[in-house]
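Notes to accompany the following structure.
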Amino acid sequence: MPYISNTDAERREMLGRIGVSSFEELIASIPEKLRLKQPLALDEPLSELEITRLINERVSGNFCAQSANSFLGAGVYDHFIPAAVDTIVSRPEFFTAYTPYQAEVSQGTLQFIYEYQTMICELTGMEIANASMYDGASAIAEAILMAARKNKLLKAILPATLHPEYVKVISIYTEGIGVELLTCPAKDGVLDIAALRGMMDESVGSVVVQTPNFYGNIEPVQALDGIVHSNPKCLLIAAVDPISLAILTPPAVYGADIAVGEGQALGNSMYMGGPLFGFFATKLDMARMMPGRIVGGTLDKEGKRAYALTLQAREQHIRRAKATSNICSNQSLCTLAATVYLSLMGRECLVEAATQSAQKAHYLASELAKVPGCGLAYPSAPFFKEFVLKTKLPAERIISEMLDQSIYPGVDLQRFGHQNELLIAVTEKKTKARIDEFVAAMRELNHE
Amino acid sequence: MSKTIFEYSVKGRRGVTLPAREIDTPLESLIPAENLRQKKARLPEVSELDVMRHYIALSHKNHFIEKGLYPLGSCTMKYNPKLHESLIRHSGFNNLHPYQPEGTLQGSLEILYELQSALAEISGMSQVTLQPVAGAQGEFTGIKIVAAYHKAKGNQHKTRIIIPDSAHGTNPATCSLVGYEVVELKSDARGRCDIQHLKSLVDDRTAGFMLTNPNTLGLFEDQIEEIASIIHAVDGLIYMDGANLNAIMGIVQPGKIGFDVMHFNLHKTFTTPHGGGGPGSGPVGVVEKLVPYLPVPLVAKGGDGYFLDYAHAASSIGKVHSFYGNFAVNLRAYVYIKMLGPQGIRRVSENAVINANYLKALLKDYYHIQYPEHCMHEFVADGQWQKKEFGISTLDIAKRLLDKGFHAPTIYFPLIVPEALMVEPTETESKESLDSFADAMIGIARECRENPELLHEAPLTTPVRRVDDVRAVKVLDPLFPLPD
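So the sequences go chain by chain: D and P.
If you count the first sequence from 1, position 349 lands on 349 in the working numbering, and the numbers rise without skipping.
For the working numbering, count along the second sequence from 1 and bump the result up by 1000.
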């Protein structure tokens, strides 16, 4: 099914109108010897019925988090999504529109982005947000690049508590312009404030903090303003969980200059880790240095309220080699989901989701800590909805044993160099019964 | 004027409810007071019906592919089959977590593996990564691979990338981001790379050459073999911007005609919806010698099934995405390729080319066309006559088209054509829809003569009248002022 309207007769008629006798004549500019001599080696085409059957067959090779009792997080979270989110997001009017280059026929997209920007500013306390980045990792990378553009300082400090996969993305993004990345060590699961103080000098252009951090712990953010801004040019970049911002101090309050983060948890399904979306917010005086698209309110020629893409002179289609970033496509539809999600959850329900996530996570942590052979890896660190469990048994074995009971007990931190540790996440979706099931399974495993 | 969602807010109104608390420990006993937010975020308090009405009302202010032709040159707005949407929403896909044990992800990994292989075949490349999540991120990945290749070979002196003046703006921006100096190549009188100029630019410092083929004028770069020999002679690599792949699928394999690395825009060529600006997906294909530099992980097949392969991590450029790219976008492309098969893929390209040339034939007596030869899937007309004779700008023409129910073509790009109108009808449009678009364009050409004032005033029938872009910059208004 090639989804083409024209029939062979119409094709002939059109070729006639063009003034050629065959399709080959139309592509005469492609030298004969460069052309494929045989059809592509691909499978024969399937009908709608057949591909549906094939996809169902493939799906049966998966075992999804909905069927399992999953405690996986580490950057992608299974928060509740109201049904109306998908209804809006699936509307072709949003779904199959392009980037709003013609503002007069794109007011729907432009206005929801404006609302999204407002919500992100409200959650983070910042003054301007862009229309989104690819993911949380690239958003942090772009924040470091923006800091370097502003203060011309090519040294950035990353915490050892930052998501290890983010570090890889950040290093590839910042290498080209010569940013030197330093790592601030961790102590008891949060960054070592004394070490950070020791690393600060006038050559440091930005300091990144992720809170809650990769291990789920809430960083000592109150101390950062004084330390980071001991160099007045240095910018504090806070990478935050947007759900946590319903109950945790917003980055602007503790002195962050740029707030970024992974937005997937706001109304977007997990999809094995993509699409994700990154949010990016900062202060007004850096508006012209920001990467990505921004929507601004304006007027039409009759003086009516309207919206348009703004500050486009920063962007790649105008500034080309001198643009603030090469980002072109962003993750607009994911931000629509976030906007609708935040509207539905509203002021109270987002607080409720965050509160229940924290309460259930703390309950699980305290129950697991009572299981013989288990203990919290960072008992002194405050956490939000995720924590690290230290286990006597290898994490790999716990994971494979629990698979038989359809439990995903957490992420094995072995892949990031930590022996016998599980990173465990809980959202408001978990019931007490499901949590207790996990605790019971852990107890049984450790009693063998 | 429509309200923002914030203006519907009524204290105490709710859009959803959550289950009652089963565990109700006070937050203050769990999290230190200094970390707790003092003042609630001022999100709206609205009902589900408020939300539905508001966003449905907004949706009515958009142009979208099911409403009418969207001939944005180089953006490739083709129809997105609805089957994709029902298939990707399966709970067996949308609830998958990236850190599940690989044994529980076999179905998805098999899909990614097959998609990697299919894209490799379509492009004639050796191996493909599905990790980049947008065309521009694909470019970034590809140019990082070029840099990694030169670094491994000790080619530290290679500091420049050559890019034609007709290129997409992302190309030079990408090269700067990777740390390369950008050198601009002129186009010749035929709208192709000026070979003499290219020869004068190429030297030992040349790390690579970035070329869109067909180029942004809609013309096939027919000297690609000579270009490849010039670049390869100094150990440079040739990058193909795959934004226009939908013109040559099944006809030419870039990896077999001199290109070393390329990206795909799955959201253009393979009918995944644009979503008002994304998400997209920008897989990258490379020839054999560049495979070691691809991002990790690739998806591989072994005795126990499919797995995420980190084997070449030591030579890899690393990662460009937190996890494995935009699975949900990749899945749509997979379904599309499976439904097309080899004949269908070629037929897509043929019809894209026929539709573009047909439309060009209908318009050529009414709009100036700087490069009149047969085009590939798109062509660049321009409003130079209209500008000179009647003082009508291309912007006026674009805005008037909106009144007639069409989206405007890409305007003022490529930069080398004054008053450019870059038209890409795509293969999914029928002859009738092309005829009616041509009628609208011809009608506007007539209006330029008969009623130029109307064109300056346009659009007249859209949800808002002509939007003041300058004001949006001067009086920066990036967020709605929330009441306390």
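Even for Gly, the Cβ is constructed at its ideal location relative to N, Cα and C.
Compare the C-beta of residue i against all C-beta atoms of chain D and say whether one is closer than 9 Å.
| i | result |
| --- | --- |
| P:E1288 | no |
| P:L1043 | yes |
| P:G1250 | yes |
| P:S1002 | yes |
| P:D1024 | yes |
| P:I1257 | yes |
| P:T1212 | no |
| P:I1392 | no |
| P:C1193 | no |
| P:T1269 | no |
| P:I1005 | yes |
| P:V1122 | Contrary to the premise, residue 1122 of chain P reads as Ile rather than Val in this sequence. Closer than 9 Å: yes. |
| P:V1284 | no |
| P:F1413 | yes |
Here's the rule I'm using: 16 or more other beta-carbon atoms within 10 Å means buried, otherwise exposed. How should residue i be labelled?
| i | result |
| --- | --- |
| P:Y1196 | According to the sequence as given, residue 1196 of chain P is Gln; it is not Tyr. By the 10 Å Cβ count, P:Q1196 comes out exposed. |
| P:T1423 | Residue identity differs from the one stated: residue 1423 of chain P is Val in this sequence, not Thr. Classification of P:V1423: buried, given that the 10 Å Cβ count is 16 or more. |
| P:G1208 | buried |
| P:Y1293 | buried |
| P:Q1116 | buried |
| D:D412 | buried |
| P:L1219 | buried |
| D:I318 | exposed |
| D:Q419 | exposed |
| P:Y1310 | exposed |
| P:L1049 | exposed |
Kindly say whether residue i, judged by its beta-carbon, lies nearer than 9 Å to any beta-carbon of chain P.
| i | result |
| --- | --- |
| D:I243 | no |
| D:Q419 | no |
| D:L266 | no |
| D:E464 | No answer is possible for residue 464 of chain D: the residues shown for chain D start at 1 and end at 448. |
| D:D43 | yes |
| D:K233 | no |
| D:Y378 | no |
| D:K168 | yes |
As a quick exercise: from the options, pick the residue whose alpha carbon is nearest that of residue i.
| i | options | result |
| --- | --- | --- |
| D:M286 | D:K301, D:G373, D:L311 and D:F279 | D:L311 |
| D:S106 | P:T1462, P:D1396 and P:L1476 | P:T1462 |
| D:A337 | D:L266, D:S70 and D:I27 | D:L266 |
| D:L423 | D:I398, D:R434, D:H447 and D:A9 | D:I398 |
| P:L1499 | P:V1133, P:D1439, P:K1039 and P:A1148 | Only positions 1001 to 1484 of chain P appear in the structure, and residue 1499 of chain P is not among them; the question remains open. |
| D:F112 | D:T355, D:G278 and D:G297 | D:G297 |
| P:D1484 | P:E1450, P:G1015, P:R1042 and P:I1031 | P:R1042 |
| D:M1 | P:Y1366, P:G1344 and P:G1255 | P:G1344 |
| P:Y1055 | D:V351, D:T339, D:F280 and D:D436 | D:T339 |
First and last residue of the alpha helix (DSSP H) that includes residue i?
| i | result |
| --- | --- |
| D:A306 | From DSSP, D:A306 is part of no alpha helix (DSSP H) but of the beta strand (DSSP E) over R305 to T310. |
| D:R288 | Where D:R288 is concerned, there is no enclosing alpha helix (DSSP H), given that its DSSP letter is neither H nor E. |
| P:L1198 | I1195 to L1201 |
| D:Q107 | Q107 to T124 |
| D:G261 | Premise fails: D:G261 lies in the beta strand (DSSP E), I258 to E262, not in any alpha helix (DSSP H). |
| P:C1175 | T1170 to V1178 |
| P:G1285 | Taken as a continuous stretch (DSSP letters only), P:G1285 belongs to no alpha helix (DSSP H), being part of the beta strand (DSSP E) at V1284 to V1286. |
| D:T174 | P164 to E175 |
| D:T52 | E48 to V59 |
| P:A1233 | I1224 to A1233 |
| P:I1257 | No alpha helix (DSSP H) holds P:I1257; DSSP gives it neither H nor E. |
| P:I1031 | That residue, P:I1031, is in no alpha helix (DSSP H); it is neither H nor E in DSSP. |
Considering just the uninterrupted stretch of the beta strand (DSSP E) at residue i, what are its terminal residues?
| i | result |
| --- | --- |
| P:I1163 | R1160 to P1164 |
| D:E180 | E180 to C184 |
| P:I1238 | L1237 to G1242 |
| P:V1261 | V1261 to F1264 |
| D:C374 | C374 to L376 |
| P:P1044 | No beta strand (DSSP E) holds P:P1044; DSSP gives it neither H nor E. |
Indicate, with yes or no, if the ligand HEM has a heavy atom lying under 8 Å from the CB of residue i.
| i | result |
| --- | --- |
| D:T96 | The ligand HEM is absent from the structure shown, which contains no ligands of any kind. |
Item checked: Contact list for the region 1134-1145 of chain P against chain D, Cβ threshold 8 Å -> A1134, G1135, A1136, Q1137, E1139, F1140 and K1144
Margin query: Beta carbons nearer than 8 Å to chain P: which residues of the region 129-142 of chain D have them?
Written below: A129, A131, S132, Y134, D135, G136, A137 and S138
Notebook entry, point to check: What residues in the region 75-98 of chain D have a beta carbon less than 8 Å from any beta carbon of chain P?
Noted result: G75, V76, D78, F80, P82, A84, D86, T87, I88, S90, R91, P92, E93, F94, F95, T96, A97 and Y98
Check: Closer than 8 Å, Cβ to any Cβ of chain P: which residues of the region 206-231 of chain D, in chain order?
Finding: I218, V221 and Q222
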